[in-house]
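One structure below.
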Amino acid sequence: MTAITPSKIKILQWNIRSLSANITALQSNLNELQPQIVSLSETFLNHNDNVSITGFNIFRRTDMMGMGPLICYQEGIEYKQIDIQVQLPPRAQILAIELGWIKF
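Using my numbering, the first residue of the sequence shown is number 2, and each one after it goes up by one.
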């Protein structure tokens with residue numbers, strides 16, 4: 002695992018339009034780009050779908066409808082959910098987390 006420093010963080014953001022249909026392409030991009038943080042939108046996951054991506058922890062809200070966002074962060078990174086208190090339009094979905102550096 003690559004150590005994360007404030008001067009070297011790779012972030013991948015992808016409107017994946019179905020995580021299930023594009024999991025192989027995602028894994029290929031993760032292997033090639035080696036990001037520490039991944040933000041996916043339009044995952045089309047249901048609240049009871051189990052998601053696992055090797056080398057990453059996953060944060061998502063299961064109370065959102067299936068179009069929901071998902072944030073993956075490299076194993077070893079600490080995180081804390083940020084409670085968002087803004088009024089959003091209907092069907093709008095938002096996630097926020099605070100990340101810490103790798104614990105070794």
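Idealized CB from N, CA, C, for every residue including glycine.
Return the chain-ordered list of same chain residues with a C-beta closer than 8 Å to the C-beta of residue i, the five sequence neighbours on each side being excluded.
i	result
LEU89	ILE95
LEU100	ILE38, TYR74, ILE78, GLU79 and TYR80
LEU46	LEU20, SER21, VAL52, ARG61, GLY67, GLY69 and LEU71
LEU34	LYS11 and LEU13
ARG18	GLU43 and PHE45
Per DSSP, what kind of secondary structure is residue i in: helix, strand or coil?
i	result
LEU31	helix
LEU89	coil
ILE54	coil
ILE12	strand
PRO70	coil
Of the choices the options, whose alpha-carbon is the least far from that of residue i?
i	options	result
SER53	LEU20, PRO91 and GLU99	LEU20
ASN49	ARG62, ARG92, ASN58 and ASN32	ARG62
LYS9	ASN58, PRO36 and ILE83	PRO36
GLU76	VAL87, ILE59, ILE24 and ASN32	ILE59
Apart from the five residues on each side of it in sequence, which residues of its chain come closer than 6 Å, Cβ to Cβ, to residue i?
i	result
PRO123	Residue 123 cannot be examined here, being either before or after the span of the chain that is shown, 2 to 105.
ASN16	SER42 and GLU43
If I measure Cβ to Cβ from residue i and keep anything under 7 Å in the same chain, skipping five residues before and after, which residues do I get?
i	result
ILE85	ILE95 and ALA97
ASN30	LEU13
Can you pull the DSSP bridge partners for residue i?
i	result
ASN49	Partner(s): none; ASN49 has no beta bridge.
GLN82	ILE98
ILE24	ILE24 pairs with nothing; no bridge assigned.
Check for me: the beta strand (DSSP E) holding residue i runs from which residue to which?
i	result
VAL39	38-42
ILE59	57-60
ILE17	First-last for ILE17: undefined, no H or E at that position.
So that I know if they touch, is there some Cβ in chain D lying closer than 8 Å to that of residue i?
i	result
SER21	Judged by its chain identifiers, the structure shown contains no chain D, having just a single protein chain.
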